[in-house]
Amino acid sequence: MTLHHIFRIKPPSKPFIKGKSKERAGRELARYKQALLDYEEDLALLNDPTHIRKILANALKKYNWPSHGPVRHAIPLDPEGSSTRPGINLAQAIAQDPPLFSTVPASGIVPRQDEDGAGWQVA
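With this note's numbering applied, the sequence shown corresponds to residues 318 to 440, in that order.
Right, dumping it as structure tokens:
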């Protein structure tokens, strides 16, 4: 039984017994009463959250999941753990991360780095 059939239940249709013999009408009424009892039981189960959880858990277990192996990355890792970018040249690297003061300021004074490399000074 699929999930569609479990969650989509319909009440049984009333039997058409007009013009039928008493025995046959009795059998059809008995079938209808039993179908009505089954319908009410199914409705009660749909209001039970533990039952629904069990149905969904079983459906997930039976599902054929696609198999995926370990992912191989095209970009290998460097020893520090960050990814390297193969095929990148210096111009691309500079364009992505331009250095500070890459152009000469309007004053014409080019700043240079301190001796300790921590800051910039104007000569």
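Every residue gets a Cβ at the ideal spot worked out from N, C-alpha and C, and that includes glycine. Note that the structure is predicted; figures quoted are calculated from it, not measured.
For this session: Compute the distance between the beta-carbons of Tyr349 and Lys335, then report whether it is under 8 Å.
Result: Taking 8 Å as the Cβ cut-off, Tyr349 and Lys335 do not qualify as a contacting pair.
Problem set entry | Inter-stretch contact at 8 Å, needing at least 3 Cβ pairs: the stretch 320-330 / the stretch 350-363 | Touching, yes.
Exercise. Is the beta carbon of His368 less than 8 Å from the beta carbon of Leu360?
Worked result: The criterion of a C-beta distance shorter than 8 Å is not satisfied by His368 and Leu360.
Problem set entry | Beta-carbon contacts of Ala342 that lie in its chain and below 6 Å, excluding the five residues immediately before and after | Here Ala342 has Ile334 as same chain residues with Cβ atoms under 6 Å from its own Cβ, once five neighbours each way along the sequence are excluded.
Problem set entry | Whole-angstrom distance between His322 and Glu357, CA atom to CA atom | Rounded to the nearest angstrom, the two C-alpha atoms are 15 Å apart.
Exercise. Are Ala374 and Leu320 closer than 8 Å when you measure CB to CB?
Worked result: No, they are not a contact pair.
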